[in-house]
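Asks:
Residue numbers (the numbering used here): 1026 to 1196.
Dropping the structure here:
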């Protein structure tokens, strides 16, 4: 049930982020401890992504939607390692999200309920840190000025990354 929900939600999020009108249902490539890997078609082009839910959520909030961290490859667009974070609430206007992994602290920009790295170099750094780290901590501020802290396990992230990279032919 958890994977079915993750699958449905991540397809919805991916479609909203891309503005896509048509996409095939995602297919599970595999489950890798804290992460799952999926592939689907946008038209005739493969999109591969890995997704995880937080192991721990902290914050003073009454209502919050589902929370996900994703890394996505879109080889037809020459796009790989795109990190995104879905917070389950709208972010405070012009706020930044702080991602801590290993000894790195990385800032993401926000729009609505999603946060992204500002550039390809940051996506690559963050993806490498996720693949090689032990935990990922993401801090954000909601439109209601509530701070949240989400902690993701990284066990299986390297295997999930290898699976999506192989499936999409990304090196």
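From the three backbone atoms N, C-alpha and C, an ideal C-beta is built for every residue, glycine too. Note that the structure is predicted; figures quoted are calculated from it, not measured.
Look at the alpha carbon of residue 1056 and the alpha carbon of residue 1081, and state the distance between them as a whole number of angstroms.
Replies: Each residue's alpha carbon lies about 19 angstroms from the other.
Asks: For residue 1062, which residues of its own chain have a beta-carbon under 6 angstroms away from its beta-carbon, when the five flanking residues on both sides are left out?
Replies: The answer, listed in chain order, is 1054, 1055, 1075, 1185, 1188 and 1189.
Asks: Given that a residue counts as buried once 16 or more other Cβ atoms are within 10 Å of its Cβ, and exposed if not, what is residue 1003?
Replies: Here the chain covers residues 1026 to 1196 and nothing more, so residue 1003 does not appear.
Asks: In whole angstroms, give me the CA-to-CA distance for residue 1194 and residue 1137.
Replies: Rounded to whole angstroms, residue 1194 to residue 1137 spans 31 angstroms at the Cα level.
Asks: Residue 1116 to residue 1069, Cα distance in whole Å?
Replies: Using only the alpha carbons, I get a separation of about 34 angstroms.
Asks: Just tell me which of 1060, 1161 and 1174 has its CA closest to the CA of residue 1085.
Replies: Closest by alpha carbon: 1174.
Asks: Buried or exposed, going by whether 16 or more other CB atoms sit within 10 Å of the CB of residue 1172?
Replies: Flag for residue 1172 reads exposed.
Asks: For the alpha helix (DSSP H) containing residue 1182, list its first residue and its last residue.
Replies: Segment 1182–1193, the alpha helix (DSSP H) holding residue 1182.
Asks: Measure the alpha-carbon distance for residue 1145 versus residue 1169 and round it to whole angstroms.
Replies: Cα-Cα distance, rounded: 30 angstroms.
Asks: Thinking C-alpha only, which one of 1098, 1140 and 1104 is nearest residue 1121?
Replies: Closest by alpha carbon: 1140.
Asks: In the DSSP assignment, the alpha helix (DSSP H) including residue 1154 goes from what residue to what residue?
Replies: Residue 1154 -> alpha helix (DSSP H) spans 1145–1157.
Asks: Where does the unbroken beta strand (DSSP E) through residue 1175 begin, and where does it stop?
Replies: Looking at the DSSP string, the run of the beta strand (DSSP E) that includes residue 1175 is 1172–1178.
Asks: Return the chain-ordered list of same chain residues with a C-beta closer than 6 angstroms to the C-beta of residue 1182, the five sequence neighbours on each side being excluded.
Replies: Same-chain partners within the cutoff: 1060, 1155 and 1156.
Asks: When burial is assigned at 16 or more other CB atoms within 10 Å of the CB, is residue 1177 buried or exposed?
Replies: Per the 10 Å Cβ criterion, buried.
Asks: In whole angstroms, what separates the C-alpha of residue 1099 from that of residue 1134?
Replies: Each residue's Cα considered, the two are about 21 angstroms apart.
Asks: So what does DSSP say about residue 1061, is it helix, strand or coil?
Replies: Residue 1061: strand per DSSP, three-state reduction.
Asks: Rounded to whole angstroms, what's the CA-CA distance from residue 1180 to residue 1119? Just pull it up for me.
Replies: Whole-angstrom Cα-Cα distance: 32 angstroms.
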